[in-house]
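Residue 37 in the numbering used here sits at position 37 of the sequence shown, with consecutive numbering throughout.
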Amino acid sequence: MAKDILEVGRQSENYFNWDDQDFQLMWLRNPNDIINRLKPGQDDSSWLVLDELHKFKNWKNTLKGLFDLYQDKARMMVTGSARLETYRKTGDSLAGRYRLYRLHPFSFNEKPEIPAPPDGKKWFERTMDKTFDLDSLLTLGGFPEPLLGGSKEKADRWWRLYKDQIVRDDLRDIKSFREINMISAAANLLAEKAGGTLSVQSIQEDLKVSFATANDWIEALCAVYFGFVIRPYAKSIKGALHKEPKFYLYNYAAVKNNGARLENLFACHLLKACNIWTDAAFGEFELKYIKDKYKREVDFVVLKNSKPWLLLEVKSSPHQPTDALLFYSQLMKPRFTVQVGQIMGQERTFHAENNEIELLSAEAFLSQL
């Protein structure tokens with residue numbers, strides 16, 4: 001994406017990657033020389049793209065100085081294979097100097113512009129547009145190489161190589177891990193548990209390591225886009241279980257169970273939507289789930305500015321809403337309550353005690369994101 005922006009402005013020479021040793025030497029000796037080498041664009045302004053810069057320990061302080069000196073000469077874009085927001089802490093040296101945009105794999109309905117959140121009386125009011133078939137996404141995942149490759153065999157081979165790259169290359173770039181083989185085993189255990197409740201203690205016991213070590217490995221794997229966790233929502237819920245998160249893979253095609261794979265796909269799409277809407281200043285969106293000691297569970301709750309905005313339950317068929325969805329819809333009264341199923345069918349509304357629940361196909365729901 002960054003390279004495409006430079007190509008449009010005929011500034012491809014303004015791309016620098018930390019993995020290039022010549023750039024490393026230039027950055028370490030005198031970063032100011034980079035500005036002097038920039039090629040101006042058609043409007044006399046210059047883009048500077050710095051890729052994988054997070055692999056340098058003190059990258060933020062150096063970048064801050066560069067920005068403060070040359071912000072009038074160059075627009076700067078920093079990209080990376082790890083979640084750059086992981087490095088945001090109290091006292092962030094770049095505070096007030098950047099906008100964060102979180103990128104995700106492809107989704108069901110890709111748009112050239114940032115889509116606004118649904119704002120009508122019902123979730124499904126717009127046309128049903130799509131970019132990729134749901135079956136293709138479930139089989140190949142959303143990452144560009146396997147999805148566009150169009151082959152399950154290629155996708156499986158890509159996944160094996162991707163896992164190996166994450167553990168043996170990306171993790172070493174951000175942390176000093178010695179137990180690479182053990183972290184690889186942790187990644188395999190997490191992949192098997194995708195879509196379920198994450199027990200750090202279980203990972204700890206399986207690998208015979210301390211709780212802190214197991215937790216550190218999980219956090220690091222999440223930082224390099226192996227997977228992510230969503231935490232339970234417990235505010236004003238009697239008997240809510242609020243300790244253990246659920247774990248999902250970014251590559252949901254690797255989830256073996258069909259039902260868990262569909263749920264994982266929705267988790268990825270919802271997380272992407274929450275990140276995009278938040279980054280584009282439509283509000284503060286968070287993705288969580290609900291579970292209580294009475295065995296009531298709702299797969300997803302999206303919060304907008306800390307209040308329940310969407311309740312979503314994912315089933316193989318959307319015929320009747322679950323008791324848990326009915327209960328929490330009445331309790332929370334979110335803007336939208338939806339139950340989806342993979343099977344295409346007539347979209348309809350379920351009425352219960354002055355409460356409306358939309359029963360939608362997976363494609364109808366995803367087309368609105």
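Even glycine gets a Cβ: it sits at the ideal position worked out from N, Cα and C.
Following the DSSP letters along the chain, one finds His-351 inside the beta strand (DSSP E) bounded by residues 348-352. Scanning its chain for C-beta atoms nearer than 8 Å, with the 5 sequence neighbours on each side dropped, one finds around Ser-46 the residues Gln-11, Asn-14, Leu-38, Lys-39, Pro-40, Lys-73, Ala-74, Arg-75, in chain order. In the structure shown, Thr-131 falls within a coil segment according to DSSP collapsed to helix, strand and coil.
Straight-line spacing of the CA atoms in Val-301 and Leu-28 works out to 46 Å.
Around the Cβ of Arg-99, a 10 Å sphere holds fewer than 16 other Cβ atoms; the residue is exposed.
Of the candidates Asn-58, Leu-249, Leu-134, Leu-249 places its Cα closest to the Cα of Ala-187. Arg-231: member of the beta strand (DSSP E) spanning 227-232, first to last residue. In the structure shown, Arg-172 adopts helical secondary structure according to DSSP, grouped into three states.
Contact check for Lys-246 against Thr-197 passes: the beta carbons are separated by less than 8 Å. Cβ contact annotation for Gln-368 (same chain, cutoff 7 Å, sequence separation greater than five): Pro-118, Trp-123, Phe-124, Arg-126, in chain order.
The count of Cβ pairs closer than 8 Å, one atom from the stretch 134-146 and one from the stretch 97-111, reaches three, so the stretches are in contact. The beta carbons of Leu-171 and Ala-116 sit about 36 Å from each other, so the pair does not count as a contact at 8 Å. In this structure, Cys-274 lies near Leu-287, with their beta-carbon atoms less than 8 Å apart. Secondary structure at Val-255: coil, using DSSP grouped into helix, strand and coil.
With at least 16 other beta carbons inside 10 angstroms of its own, Leu-360 counts as buried.
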